[in-house]
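Protein chains in written order, with the UniProt record's numbering: chain Z, 1 to 290; chain E, 1 to 290; chain B, 1 to 290; chain V, 1 to 290.
Read the structure below first, then the notes.
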C-alpha cells in the first residue's frame, strides 16, 4: 500500500499541511478531533477484543461464527489503515515502528494475517487488548495518570529490592521443589523436577491448585513448613510496595499529549518550544479551549 | 393499601402530630422508642434471613418447610407495613422511595411477591440482608461509625488508583487468559477465551480452585510466572489501602440520627436549625436524656 | 482428693510457710525453682500433645497404642496433681478456678476423664496445647513478651474497625452466596444457601478449595468479580494491622512474674508493696540474683 | 588428593606467593580475575542445576540421559577441584570448611558421590543451587546488596515478633486441626491429627489445595471461621515486615569483597589495616582501578 518511494519522499521533512493535521489528530489528544479519534479507537479495540473472545465460545461460534469472522476482518483492515496513517504522518516512520506503541500496534495486526497460514494463532488476535494502554493517553489530561505514574515510580523505585527478592524466591522454590521430588517421587504426581518446582511456586504463592498434592506424612510436613515460610516471604513484596507508596506521594503529571515530531516523546508543556528529550524544535501547539 | 388520594393530601406538607412522631421513631434513633424500633427491625431482619437460608437446606425444608413459608410471609407483611409507614410519614414519599435505603427496602420485599409468579427467585429474599446496613444507624451514636467512615473515606480517596489498577489487572488477565487458551487448548480444560480469563483471574488472585489447571510444561511455566507476577501485582491494593489508612486518622463522626424532613439527610447537630444539605427548616429535636 | 474441709480452713488466710513457697514456685517464674517448674511443665505439655497426636495415626496406634494410653494417663494424673496444688496454694481457689488460666487448666484435664464415658472426645485432649500459653510466662522476663503485648494492643486498638469490617464481609458473603445459589443451583454443587455461603467465604479469602466450583458462564463471571472484590476487601485487615503496628511501638513490658495473692494479677515491680489492680498488700518478693 | 601432610605444612602460616594470589581470585571479587572467576562459577552452577532438572524429565532423560550424566560428573569434578583450591589457599582450612559457605560448597558435592551408593539421592544434586547465594558477592560492589541487607536487617529486627507470631499460629493450627479431626473424622478424609493439622495449615495460609475438604455442615462452618481468622492472623506478618521496612531505610553497604585471611569476614574497607571482626592484620588490598 505505501510503497517505499511514496513515503520516502516525506522522510525527515518537517510536518506541515495535512501531515501536521493528521499527526495532531492521531498522536495527540488535546484537540476535539484528537480526543474523538482516540475514543473511537478505544471503542473499536474493545469491540474487537469482545468479538475474538466470544468467537472462541463453541456455542456462539456455531451460530454466528461467520459474522464474527467478517467483523474481525473489518477491524483488522481498519487497524491496518490506522497503522499506515501513523507511519505516513510521522517524520521518521522507523522510529515509530520500533517504539513501544509501534510494536504493539503491529503485534495487534499480525495474528489475523498469520492466521491465514497457521489457523491456530487466530486467538492471539486478543493481544490487541494491549493497545488499550492508549486509554491512559486519553485520560492523560485528567488526574488518573498522576496515580498511574505514582504506581510506575513505586515499582521502578523498588526494582532492585524486587530483583533480590525474586532471585531468593526462585532459589527457595528450586530447592524445595527438588526436595519434594525426592520425598514424594513420581508415584505421587511429582513426575519431574520442573513439575515439582511448578508445585512449589503454586504453594509458595498460596494459589494451591490442588492438581498435585503431597501424599506422604513427610511430604505434608515439608509442605506445611513451605506454606508458613511462603507467607512470611510473600509479605515482603507487599512491604516493599507499601513503603514505597507511602514515600511517593503525588508529583505533578504532564499536562498535555503534545508529541515531539522527531522522537515521539509526549507531554510537552503548552509553552514549550523545544523537545525536552531530543532538543528538536516543536511545531506550534493546537489545543481546543476547554 | 395506600391509595394515591390518601397519601397525596399529605404530600409536601410539614410533618406534625402522629406523622412527626412516627418519623422520629422510624427514621431517627435518638429517642428510646426510635432505638427500640431499630433494634426490633434488625432482629426481625436477622431472623428472616436465617429462615430463608435454613429453608434452602433440603433436610430442614422437608421437615418444617411449611412453617418456614408461613414465617416468611409474616416477615414480608411486616416489612411491607413498615415500608408503607415510611412512605406515609415522610414529606416527599418519592424522594424516600428513590433514596439508597428506599431502594433496598423495596428490593427486600419484591422477591416474595415475585416468587408467587416465578418460584425460582424465592432465594433472592436474602437480599433482605442488605437492610442490615441500617445496623450502622443504631450504632451511629457510638464510635463504630467513625471507623466505618474512615474506611469509606480511605476507599473513596484511592478510587482513582483503584480504577487504574483494576484496568491494568483486566488487561493482564485478558492477555494471559488468551495466551493460555492458545497454549493449553480445549483438550486441557481451557475450552474458550472467557473460561481461560476466568482461570487467569482465579490464578492471579491466588484463589486457585483447581477445577482447570495447566497440563503442558509450557503452560505450567507460564502459570508459574503469572502467580509470581500476580503476587507482585496484588501487593498494590494492599499498599494503596495501607498508605491511605495511615494518612486518614479519625475525623469526628456525626453525633445524631436527626433526619431532615425534606431531603432525608442524617446527622444534624442537636442545636442545628436548618438542614446543612438543602437548607430546609428543621423541626424541633427529640432526644432522650441519656 | 482435696475435701472441702481440708481446703476451706485455708481459704482467705494470708499465704505463709509451704503455701507461700509453693505459690512462688508454681505461679511465679523469677526464682530458679519457679523457672525449672515452668520449663518441666512446658516440656510435659509438649510431650503429652505429641502423644495424643501420634496416637491418632492408625499405623502408630496399632503398634504402640497401649503405651500411648498409659503415657496419656500418667500425664493426666500429673496435670491433675498440679491443678490441685494450684488450688491448694492460692488464697481464693474459686478465683483461680474461674480465671483464664484456671479454666484452660481444667479443660486440659476433663477430656481424658470424660473419654471414659464418651470415647469419641478423647482427641480433644489436644486442647491441652492451649496450656502452652504459659510459655509466654517463662519468657516474661525476656523481651519476647514486649512484642507479644504490642500485637495484643494492636489487635485491641483495631477492635472496632475489625467488627465493622467483619460485618461488612459477612453481608457481602451472604448476598453473594445467595446469588450463586440462584445462578448455579443444586445441580452444580451449590446444594443450599449455607453451602453457597461457605463457598463464598472460601473464594473471598482466596483459599479456594475447589470442592465446589461454578460451572456456568454467568457463575464464573460473578465468581471472577468476587475474587477481585475479595482481594480489595481483604487488603483492609492488612491495612488496619499495619497502620496500628506502625503507630504502636514498644512500651516497656512488666519486668517480673510476681503474682498478687488476692487477685492473681501478674507483673508487679520488685519494689511494689501493694497490688496495682486490687490494692492488696503484697508479700515480700523472692527472686534469685540472676 | 590433598593429603594431610601436604596441606598441614601451610596451616596457620600467613598467605603469600601463589596462595595469596589464589585467595584474592577465589575469595574476593574486586580484581578483574576475581570477578571473572565468580562469573564463570555462577554460570557453571546455573548450567549444572539446569542439567539435573532436565535430567529428571522422563522424555528428555530417555533421549540424552547419558550426556547429562557425563556433564554432571564434569561439573562435580570441577566443583571438587574448586573446593580443594579453597581449602588450600585459606590459612585455616577447618574454619572455612565449617563456615556457612564452606558447608554449602560441600553439600553441593556430596550427593553425586553418595549417589554412586544410593541412587535415589541423585536429585539432591540440585542443592547446588544454594551456591548461587554467592551471586550476591559478585554484585556486592553494586547497590543490590544494600537492598539485600535491608531485607536481612528487617527480618532480623522482627525476629522476636515472628517467633511469638509463629508459636501462636502453631497453637491455633494444632487446636483447630484436632477440632476438625473430631468433627469430620477419618470418613471425610481427616484420617489423623497430623493430617488434620496439615489441612489446617493449608487453610489458614489461604493455600487451599482441596485434597481434603470438610463435608459436614458443622465442619464447613468451623472452616469458614478459620479462613476469616486466618486472614486476620496472616495480616500480622505483612504488618511486621511493612513497618520494619518503613523504619529501616538505606544504611550504607560494605564497599568491597576484601576477605580476612584469619576469620573469612568480608567487606573490609580499602584503607582498613586490621580485621574489624577478629583484629588480625590484613594483607595489602588488591583492586583494579574501575
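Note that CB positions come from ideal geometry on N, CA and C, so glycine has one too.
Just so you know, these numbers come straight off a predicted model, no measurement behind them.
Check: Contact belief for residue 232 of chain E with residue 237 of chain Z at Cβ below 8 Å, rounded distance in angstroms; Outcome: 5 Å
Check: Residue 168 of chain E beta carbon less than 8 Å from that of residue 241 of chain Z; Outcome: no
Check: In DSSP terms, what residue 321 of chain Z is bridged to; Outcome: Residue 321 of chain Z cannot be examined here, being either before or after the span of chain Z that is shown, 1 to 290.
Check: Inter-residue Cα distance where the pair is residue 165 of chain B and residue 243 of chain V; Outcome: 22 Å
Check: Contact with chain D by residue 34 of chain B, beta-carbon distance below 8 Å; Outcome: Chain labels in this structure do not include chain D; the protein chains are Z, E, B and V.
Check: Anticipated Cβ contact below 8 Å, residue 30 of chain V with residue 258 of chain V, distance rounded; Outcome: 7 Å
Check: Contact the region 38-49 of chain E vs the region 66-75 of chain E: 3+ CB pairs below 8 Å; Outcome: yes
Check: Where residue 282 of chain Z sits in the DSSP three-state scheme; Outcome: coil
Check: Buried or exposed (CB count within 10 angstroms, at least 16 for buried), residue 17 of chain E; Outcome: exposed
Check: Under 9 Å from the C-beta of residue 171 of chain V: neighbouring residues of chain Z; Outcome: Correct list: empty, because the minimum Cβ distance to chain Z is about 13 Å.
Check: At least three beta-carbon pairs within less than 8 Å, the region 103-123 of chain Z to the region 75-82 of chain Z; Outcome: yes
Check: For residue 222 of chain B, the nearest candidate out of B:263, B:180, B:194, B:187 (CA to CA); Outcome: B:180
Check: Neighbour-count burial assignment, residue 94 of chain V, 16 or more Cβ in a 10 Å radius; Outcome: exposed
Check: Proximity test, Cβ basis, 8 Å: residue 209 of chain B and chain V; Outcome: yes
Check: Whether residue 207 of chain B touches residue 203 of chain V by CB criterion (8 Å); Outcome: yes
Check: Helix, strand or coil at residue 252 of chain V according to DSSP, with G and I counted as helix; Outcome: Legend: pLDDT at residue 252 of chain V = 41, less than 50; position of this residue unreliable, no value from coordinates given.
Check: Pair within 8 Å by beta-carbon distance, residue 162 of chain Z and residue 190 of chain Z; Outcome: no
Check: Minimum Cβ-Cβ distance from residue 94 of chain E to chain B less than 8 Å; Outcome: no
Check: Beta carbon of residue 192 of chain B nearer than 8 Å to that of residue 178 of chain B; Outcome: no
Check: Alpha-carbon to alpha-carbon, residue 260 of chain V and residue 274 of chain V; Outcome: 9 Å
Check: Nearest neighbour of residue 114 of chain V, chosen from V:76, V:44, V:262, V:172 [CA to CA]; Outcome: V:76
Check: Residue 245 of chain B vs residue 239 of chain V beta-carbon contact at 8 Å; Outcome: yes
Check: Chain E contact residues for residue 58 of chain Z, given Cβ-Cβ distances below 9 Å; Outcome: 186, 191, 192
Check: Closer than 7 Å at the beta carbon, the chain V residues around residue 53 of chain B; Outcome: 193, 194
Check: Partners in chain E for residue 242 of chain V, counting only beta-carbon separations shorter than 8 Å; Outcome: 242
Check: Boundaries (first-last residue) of the alpha helix (DSSP H) holding residue 21 of chain Z; Outcome: 17-27
Check: Identity of the residues DSSP links to residue 274 of chain E by a beta bridge; Outcome: E:281
Check: is_contact[residue 156 of chain E, chain Z] using C-beta, thresh 8 Å; Outcome: no
Check: Where residue 183 of chain E falls, given that 16 or more other Cβ within 10 Å makes a residue buried; Outcome: buried
Check: Whether residue 86 of chain V touches residue 25 of chain V by CB criterion (8 Å); Outcome: no
Check: Chain B residues whose Cβ lies nearer than 9 Å to that of residue 206 of chain Z; Outcome: 206, 207
Check: Rounded straight-line distance, which links the Cα of residue 98 of chain B to that of residue 279 of chain B; Outcome: 20 Å
Check: Terminal residues of the alpha helix (DSSP H) in which residue 93 of chain Z lies; Outcome: 93-97
Check: Chain E within 8 Å of residue 198 of chain Z, Cβ atoms only; Outcome: yes
Check: CB contact check: residue 283 of chain E to chain Z, cutoff 8 Å; Outcome: no
Check: Contact with chain V by residue 49 of chain B, beta-carbon distance below 8 Å; Outcome: yes
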